[in-house]
Structure formats: C-alpha cells, structure tokens
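Residue numbering for the sequence shown follows this note's numbering, beginning at 1 and increasing consecutively.
All residues carry an ideal CB built from backbone N, CA and C; glycine is no exception.
Reading through the structure tokens given below for one structure.
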Amino acid sequence: MVSWAITGATRGIGFGFVNNLSANSENTVFALIRSRATAGPLEELATKRKNIHVVVTDIADPGKLAQAAAEIAKVTAGSLDVLILNASSPGPDTGALSPSAFHGKEEALVNEINENTKTNVTSNIFVVNAFLDLIRNGKEKKIAFITSPSGDVEFTRITGLSTLLGYSVSKAGVNMIATKYAIELAPEGIKTVSLSPGWVDTDSG
Numbered sequence: 001m002v003s004w005a006i007t008g009a010t011r012g013i014g015f016g017f018v019n020n021l022s023a024n025s026e027n028t029v030f031a032l033i034r035s036r037a038t039a040g041p042l043e044e045l046a047t048k049r050k051n052i053h054v055v056v057t058d059i060a061d062p063g064k065l066a067q068a069a070a071e072i073a074k075v076t077a078g079s080l081d082v083l084i085l086n087a088s089s090p091g092p093d094t095g096a097l098s099p100s101a102f103h104g105k106e107e108a109l110v111n112e113i114n115e116n117t118k119t120n121v122t123s124n125i126f127v128v129n130a131f132l133d134l135i136r137n138g139k140e141k142k143i144a145f146i147t148s149p150s151g152d153v154e155f156t157r158i159t160g161l162s163t164l165l166g167y168s169v170s171k172a173g174v175n176m177i178a179t180k181y182a183i184e185l186a187p188e189g190i191k192t193v194s195l196s197p198g199w200v201d202t203d204s205g
C-alpha cells in the first residue's frame, strides 16, 4: 500500500491525480483542499472510493497544515509515502502585463509578484515542512513539485513570453526550492523533483 497526499485536489491536475491514483485500491489517497464548498466532484468520488480521504486545510497557514498532517498521521500510523505539491495560483488579473507595462503601476507590480510567490513558493515550503516528518517515516520517500514551462528560462526565450510576470517568477522559484530540498534531503534517501506536465486542458486554462 502506498500513501499519497495531493494539494490543490479540488479540480484540474490535482483532481486528476486523485482520480487516477485512487483507482488502485491499494493506494491511500489524501486530497488536500481549501473548502468543501467547491469540491462537489471530489466529494462524489470520495463517496464511491473509500481509499480517498478529503482533508480541508490552508496551505498558507502552518498551523492548519500541522493539523492536516496530524489527521493524515492517524490514518497512516505516522507516515506518508508521496507528497505532490500541485496547489497553484495564476495570481491577480495583471498577468497580461509585461514588466515595463507596470511603470506607474508600482502597487500592482508588488501585488503581482507577492500574490504569486505567496501561493506558489512560500506556501509550498510550508507544506513540505509540515509533512516532512511523515515523509521521513514513509517507504517511498518522494516529494514532487508541479511546476510549469513558464518558469523555465529557455522556454521563455523560445516562446517570447514577456507576460505572466509574477506567475513565471514564482514557478522559477518552485524549481529552485525543489532543487534546494533535493540537495538537503538526499542524504536521508528522500527524492525531490519538479515536474512540468505542460499544457493541460483544465477549467483554469
């Protein structure tokens, strides 16, 4: 039996992970979501598959993440095999602006950068740190960050993408923190990677 925890599991890629992984009854799948109010399809799936555990938390709140980790630990006897950090945010509605277009819009620029990095970088660090002891006790010992081509320098050069400033910066940050964790945790046998699924047809684009 392998235990999995997926953030951002309400819809899109996260829901896809839950759906596919839970199809194997040998897997125990923890779907981390912010609110049950918008999780209708997930809740419906969880009623059909008893190996899905819906966990409500806030990835920006270390205290609530600690509670989520404790909730999972009760089911798994204190361990977790694989953590998938899928929760993400496109940020505010200024993503269509290029860097120079923020001239005279400094407050919007700060918001563009901060809102993206809060969810896509800082909160991911909160999540890993909250679940790290469970991963240490797991059999698989794997952490996967879901990233994006938007955070890749070469992709940006080839495509000429000058917009999505905050999102791109934050996804580049995701790649870096994945690398930092990989270096730090390798001596403990924990594998940490960043995975870019490319463009996926979801309701968020």
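Check residue i in the structure and name its three-state DSSP category.
| i | result |
| --- | --- |
| N175 | helix |
| N24 | coil |
| T7 | strand |
| K191 | strand |
| I52 | strand |
| G205 | Summary for G205: the model assigns pLDDT 47, below 50, so the residue's position carries little reliability, and this model does not support an answer. |
| L164 | coil |
| A60 | coil |
| A31 | strand |
| P149 | helix |
Which whole-angstrom value describes the C-beta separation of residue i and residue j, a residue pair presumed to lie in contact below a C-beta threshold of 8 Å?
| i | j | result |
| --- | --- | --- |
| G166 | G95 | 7 Å |
| N129 | I13 | The Cβ separation is near 23 Å, so there is no contact. |
| F131 | L83 | 5 Å |
| V121 | G173 | 4 Å |
| T163 | A178 | That pair is no contact at about 24 Å. |
| N124 | G151 | Wrong, their Cβ atoms sit about 13 Å apart, outside the cutoff. |
| L134 | I190 | Between I190 and L134 the Cβ distance is about 11 Å, and since that is not below 8 Å, they are no contact. |
| L42 | V54 | 6 Å |
| L45 | N24 | With 8 Å as the limit, L45 and N24 do not qualify as a contact, their Cβ atoms being about 14 Å apart. |
In whole angstroms, what separates the C-alpha of residue i from that of residue j?
| i | j | result |
| --- | --- | --- |
| E26 | Q67 | 25 Å |
| L32 | S88 | 13 Å |
| I183 | G91 | 29 Å |
| F6 | F17 | Residue identity check: residue 6 is Ile in the sequence provided, not Phe. Each residue's Cα considered, the two are about 8 Å apart. |
| F102 | K48 | 49 Å |
| I146 | S196 | 6 Å |
| T38 | V2 | 27 Å |
| K50 | L80 | 18 Å |
| G40 | T119 | 23 Å |
| R11 | S98 | 29 Å |
| R157 | A69 | 40 Å |
| V110 | V56 | 29 Å |
| W4 | R34 | 17 Å |
Taking CB distances under 8 Å as the criterion, tell me whether residue i reaches chain B.
| i | result |
| --- | --- |
| E26 | This model lacks chain B altogether; it includes just one protein chain. |
Extract the residue ranges of the beta strand (DSSP E) inside the region 66 to 147, only unbroken runs of 3 or more that lie entirely within it.
If you keep only unbroken beta strand (DSSP E) runs of at least 3 residues inside the region 66 to 147, you get 82 to 85, 142 to 146.
With three or more beta-carbon pairs closer than 8 Å as the criterion, would you say the region 105 to 116 touches the region 61 to 77?
Because the criterion of three Cβ pairs below 8 Å is not met, the region 105 to 116 and the region 61 to 77 do not touch.
Is the region 128 to 139 close to the region 74 to 88, with three or more CB pairs under 8 Å?
Short answer: they touch.
Is the number of C-beta pairs between the region 182 to 197 and the region 101 to 112 that are closer than 8 Å three or more?
Segments in contact, no.
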